[in-house]
Structures are given as C-alpha cells and as structure tokens.
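Beneath this line is the structure, given in structure tokens, with notes to follow.
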Amino acid sequence: MYKKILALVLSVLMVLSLAGCSGGNDAEETTAAPAGETAAAEGGEEAEGGNAEGGEAASGDTFKIGAYLQLSGGNSAYGVEARNAIEIAIEEVNANGGFNGVPVELVVYDTQGSAEEAVKIVTKLIEVDQVDAAIGSINSSEVLAAAGYLNDAGVYNFGMGTSPTWMEEDWPYVFRAAMNNGNAVPATVELVQLFGYTSVGTFYGQDDNSLTTAETFEAACEEAGITVTASESYDTGDSDFSAQVASILASNPDCVYISVMGEAGPLIVQQLRQYGYSGIIIDKESFMESQIDIAGEQNSNYIAFANPYVTYASSADCDDEYMKSFLEKYEAAYGECCKTDSAYRGWDTIMCMWEASKIAGANDSDSLKDATHQISGLQGLGGTIDFTAGDREAYQTVNKFILVDRKNIPVDQWMEEGGYDAYKEATGNEK
Amino acid sequence: MNMSVYGMLLVSSLAIGSIYGLIALGYALIYKSSGLLSFTQGDILTLGAYLGLTFYSILGIPFAISLLLTMACAFVLGILLEKGVIRQLLNKNVGAIYVVLATIAISYIIQNGSQLAWGTIQLNFPSVFPVQNVNIFGVNVRPEALMCFIVSIALMIILHFFMTKTRFGTSMRAASMDSMAAESLGIDVSLTTGVSWGLSAGLAAIAGMLIGPIYGVYSTLGSTIGRKGFSGAVIGGYGNMYGAMIGGLILGIVETFSASLISSTYRNLIAYALLLIFMFIKPTGIFNERAIQD
C-alpha cells in the first residue's frame, strides 16, 4: 500500500513538473494597461490604419506588443530581466498616455532558449495574437531565426541580441536598441592599441554572436598590425577551459581578448588568473555584476571593454541621472538592482518604440518603421540614441571602460589619473 | 609550452577526469545492481552543487559536514527514485527503454526544479581554502582541483572496501550477479538495489559539490559532465567500478591535452571519437566488462 501511494505521489509530481516544463509556450503572461489609463486612452487619438504590407493596423483598444524571450533554462535570467524592464517601461508609457493615446499591452512567451521555439512563438504572435509590434529575444540566434517572419508579415519589431549577423539581413521592419558587437570592434581594437599592445590571444565561444564578433576582431587586428598569437574556442556547456588557457598563455600575447557568452565568461577569467595571467583582459562587452560575483572581485580587475553602458551593484553607485532613475524604478518594482544589461535593452526598446509613435502620430507598423529612422537625440541608457544613419541601429557610438575594484572607469579617465601605471606597479607587468 | 604549464594541465585534467570518474562510478553501480541505464547522474551532480552551496555558503555549515549532508540528501533521493519510479515501472514489466526514458524525464525535472529553487543566474560557490593557488614543484595548483582528485580516489577506495569487506557490500555484489539466487539466500535484493541507486546519486552529488568552487553553480552544470561521465564508463568497461574511474581519468587527460596540443575547437569531437573507438574496437572497455557486448 505504502509503495503504491509513494509511486502515485511521485508520478503526479513528475507529470505536473513535465507539464510545467513543456507548458512554457502556452503559458502567456500579459501586462494590460491599468483601467484608469485605458479610460483615459479612450479619449485619445485613434490609431491610424496601415497598408497591407505593414500588416493589420493598430486599431484595437490596446497597442499589443508581443515579446519572445527566454524565461526558463540556463541564462534565462537575462530574458527575465529584459521582461522586467519592458514591463516597467510600459507602465511608464501608459502612465503618460500610451502610444498616441492607446494603452500598451504586453504579451510574453517563453522561448526556452530555443530558436525553433522562437519561430513557433513568432508565428503565433502574428497569426493568433495579431500583435501590433514585437520584441525579440536577448539571444541573437533566436532573433536570427524568428525576426524574418515578423519582417515578412510587416510587423514593426526590435531584437535585443547583440550579434552583428541578424542586422545584416535586409529586414526593414527589424530594429535594434542595443549595441552591435560588430560595431564595437573598432573601439575594442583601439583599446588594444591604447595600451601599447602589439599582440593578442583570442578566446571565443562557438555560438553565433561570440564567433562572429571574434572573427571580426581578428580581421580588424590584422588590419591594424596586431598579431593574433593564438586563437582558441570552446563549446557551449564546457566548464573546463584549462587547455585553451594554457595554449593562449604559451603563445605569450601582450593581452587576451575574450568573446564569450553568459556563464562561460567568469569561468574563463577565473581560469586565466589561476594560470597566472595578471594582464589586461579585453572583453567583447561589459563584464557584468553577475559575472563579477562568480569570477571574484580580485580576478575581475583590469577587464577592459567597449560598450554603451555598464551594470551597477545598486542605483546608489550610479552617477548618471537617467540611468539612476531607471535603476531606482527597477529596484522599487523588483526589490533589487538588475545584474545584467539586458534590462537596459528592454527599457531602451520600449522608449524607442514610444518615440517612434510620437514622431509618426500613428501606430501602424509602416508609420512606426518610417518614424524610427527619424529618431535622433533621444536619451537612452547608453547615451544618445540616433537612428538617422539608416542602419536600423540605435547606438552608433560606444564607450570604453576598464573594470577596477568592481568599478567601471572610463579608460581615458583611468589613463589620465595614472591608473595604467598603478596597474603595472601592482601586477609587475611591463605593459 | 614550459613544464609548469604541462603540470597545470595535468592537474586540471586529473581534476575533471576524477569528476567524470565519479559520475561513471554511479553509472557502473546502477548497471551492476539493476542492469539498467540511468541518465540522471549529470543533473544530480547539478543538484548536489546547489545543495552544497546552500549548506556551505548560505547556511554557513562547515564544508566537510555540508559534503556529508549533500551526499545524504542525494542518497535518499536516489533510493526514492528507485523505489518510487524505477521499481514501479519494472513491476509493470515495461521494457528497459521505458525505464531509460523515465530517467531522462527525471533528469529534466531535477534540472527545472533546480532552476525554480535557485534561479537561473550562475551562483558563486565560495572558495573552500584561504589561498587561491598553491605551488607544488613549481606548478601553480588550485587547492580545490587537488581536492577533487584526492576525494574521488578516496571515495573509490572506500567503495572498494565497502563492496568487498562488508557484509552488505557482499550482499550487493551477490544480488547483482544473480538476484534470484541471492534472494533464495535471504538477501534483500530490493534493498541492495535501492542502496545502489542511492550511492550513485550520492557520488554524483559529491562530484557537484567538489566542482562547485571551481566552475560556479548553474542549472546546466552537469549536462555535459554527465555525458562525458557516460563516455568514461564505456571506456573503462561499462559496469566496472574500477574501469569507471580509470575511464574517467583517461577521458579527462585525453580531452585536456588534445585541446591544448591539437585544437580546442575539436575538443569534444576528440572526446566522443574516443568513445566510438572503444565501442567499435573494444566494447568491453579497458577492464573487459561484458555489459555492452552482451
């Protein structure tokens, strides 16, 4: 009897858990506009209709934004933080009249980190939910797989991945309010030159973003006369990088460049330091708070990168007024500061969409698409947002930082204040 | 590449190889006791890392006691899995493939359950030792890496004595050789099988807690390691306890040195090619265990 009861309980638990695991796509999260705001919006301007190419016009009671994000599985914290920031941004938009008087509604689906799921979700967003606009995953591979369908359906959409690849496609309805890792490469090469380095060992992941960025970096180095002494890679899921680290260090480079994703970054930094490398590490993007926690504060010293923004332990550590205001809102809503910059991408994306709706004076996809190209001088979390270059990218410039004692210091300031000399003295390195 | 770098590579390969060995040991125990294949080992490793982190870092319990507590929790989980799921399926006379599929389902439940309990951001497992590196014969070694190797070998020796010198261990071996004959001699085969699954889970959990301080803790930590552990078990001779440890160590050494000396891009290719080579050329593994050939 006891065995049967135990078996029954375990079976039920297993079935429930499996249902929970597989139900990600069907479980829909919706953030609707508050009732008061909806009423206010009803008196506002009616959204105009679009043409056939631009898809259905946003003529409903709400402006529906569909988001496909990784909300479960490894690395899902990035998607969750992006969703949190999108929700805060939508609250802000709705509190200020929505998109041309129409309140914004968010529909979110979980991709589970799978490009295949992303495609299914996007199809559902287009066919079933009939969204007015969409926001794509933090994972570039998912955006690359899914954004084309949104483009073909004429749905105005933004992706949040940072790979150069998917923005190289001829998709006029697809925009990005995050950095393009490829665009940051020239600034990254400048960093190498600024420190007087003539050689570099590179370490990259096999995922699309890391691989493409590393290849672009190596080509740029060759052009700039910087020797790539070793080029090592790892597979997703690997945790022991000692072989690659040993090979890179044996090639005796002036510095090490890493182009990696998520949880691999801090492990690689940790193992580089463990193997005795005390020099400057050049990262393809910022080394975030969550990564410092894993790598250790001491090991995370002297990581330089080019990125629009950096993460903070709390809003109190931030001096930038606009960023501080966002972080305070995030902390108020979720009880802690965001640990990754994916939250910044979510906020900036909604703000860009909002700005486009103001410029267009209409909410249909074609009007929003055309208006986005006119956005200029918009305050973003990473500086000024400018789409007028016509490449559908928000950030045309990046900032150079170096991480020292858990603080991201602008590199120019660090050099001027004698930071580089202090680094040489502290590590005993000649450069 | 100088000798100290080779030394560091050797220590790293022995550390990761001994973890593969512990996982492989679990596969061997399960196979020996029940003739089944389980795919939960990698995810129990992850669970062990999370449990160890909770006991050691969050609750502030000393490392050694945390290690024992982690093993105890996993041991109970292993027994529950065998009694509550595997045994019940076997009692229904389902094919072995259904049991294998059930273990795959359980592995996903453990993985998703860990995400639910501890989140999906990678967590830092604080260092166990006050120093980051120790210098041994000019080689910079992380003490946690040494600990992995030493504890794994110690566990292997303890398990050897448990299986050969204790009454219960002898019962387990007897039950694995011929369960009907063992039962007729008064051995509780159900209990010995449950304990085997419990020990396997305990070993995987210890492996998780040992590598937590080196690699951090995240929900997919055990996925690749679980697969590599399986390869190690096959290389050593699937179902052979000593072969499991040797197979794991060989795999760790081959993949680490080949990645450094040949190409890191093909690290996993080389590791799994080694598995295929053994399956085709010597399916009984180094210790000539006949599991796969049978």
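Residue numbers (the working numbering), protein chains in the order written: chain A, 915 to 1345; chain B, 429 to 722.
C-beta: ideal position from N, C-alpha, C; glycine also.
Is it right to say residue 594(B) is buried, meaning 16 or more other beta carbons lie within 10 angstroms of its own, or is it exposed? exposed
Taking Cβ positions, are residue 473(B) and residue 632(B) nearer each other than 8 Å? yes
6 Å Cβ shell around residue 1322(A) - same chain, five flanking residues per side excluded: 1224, 1315
Looking at the strands, I want to know which residues DSSP matches up with residue 520(B). None; residue 520(B) has no bridge partner.
Would you mind sorting residue 1262(A) into buried or exposed? The rule is 16 or more other CB atoms within 10 Å of its CB. buried
Cutting at 8 Å between CB atoms, please list the residues of its own chain near residue 1136(A), excluding the five before and the five after it. 1142
Does DSSP put residue 1147(A) in a helix, in a strand, or in coil? strand
Cross-chain neighbours of residue 684(B) in chain A, by beta carbon under 8 Å: 1154, 1156, 1157
Using the beta-carbon count (16 or more within 10 Å), is residue 1084(A) buried or exposed? exposed
Could one say the Cβ of residue 433(B) lies closer than 8 Å to chain A's Cβ atoms, at least one of them? yes
Kindly indicate the opening and closing residues of the alpha helix (DSSP H) around residue 1243(A). 1235-1248
One or two residues paired with residue 563(B) in a DSSP bridge: 568(B)
Check the C-beta distance from residue 1146(A) over to residue 1161(A) and give it rounded, since I have them as a contact under 8 Å. 6 Å
Does residue 495(B) come within less than 8 Å of chain A when only Cβ atoms are used? no
Beta-carbon proximity check, residue 1306(A) vs residue 1206(A), cutoff 8 Å: no
Can you confirm whether residue 687(B), when its beta carbon is compared against all beta carbons of chain A, has any partner nearer than 8 Å? yes
Using only CA atoms, which one of 649(B), 682(B), 716(B) lies nearest to residue 550(B)? 649(B)
Is the CB of residue 468(B) under 8 Å away from at least one CB in chain A? no
Measuring only the C-alpha atoms, how far is residue 1046(A) from residue 1280(A)? 11 Å
Report yes if the C-beta distance between residue 1156(A) and residue 436(B) is below 8 Å; otherwise report no. yes
Our contact map puts residue 654(B) next to residue 451(B) with C-beta atoms below 8 Å; I'd like the distance itself, whole angstroms only. 6 Å
Host beta strand (DSSP E) of residue 1031(A) (start-end): Counting along the chain, residue 1031(A) falls outside any beta strand (DSSP E), though it belongs to the alpha helix (DSSP H) covering 1029-1038.
Indicate whether residue 709(B) and residue 664(B) have their beta-carbon atoms separated by less than 8 Å. no
Span of the alpha helix (DSSP H) holding residue 1124(A)? 1122-1137
Beta-carbon of residue 446(B) versus every beta-carbon of chain A: anything under 8 Å? no
Every unbroken alpha helix (DSSP H) within the region 555-633 of chain B, with a cutoff of 4 residues, ordered by chain: 571-593, 595-605, 607-612
Cutting at 8 Å between CB atoms, please list the residues of its own chain near residue 1181(A), excluding the five before and the five after it. 1153, 1155, 1208, 1209
Neighbourhood of residue 562(B) by C-beta distance below 6 Å, restricted to the same chain and skipping five residues each side: 569, 571
Secondary structure of residue 1225(A), DSSP reduced to three states: coil
Under a CB-based cut-off of 8 Å, is residue 580(B) close to chain A? no
Quick one: what does DSSP say residue 901(A) is sitting in, helix, strand or coil? Any property of residue 901(A) remains undetermined from this structure, which presents chain A solely from 915 to 1345.
In terms of DSSP beta bridges, what is residue 1141(A) paired with? 1113(A)
What is the rounded straight-line gap between the Cα of residue 693(B) and the Cα of residue 591(B)? 41 Å
Residue 643(B) - DSSP class collapsed to helix/strand/coil: helix
How would you list, in chain order, the residues of chain B whose beta-carbon sits under 7 Å from the beta-carbon of residue 1146(A)? 692
Which listed residue (1035(A), 1219(A), 975(A), 1005(A)) has its alpha carbon closest to that of residue 984(A): 1035(A)
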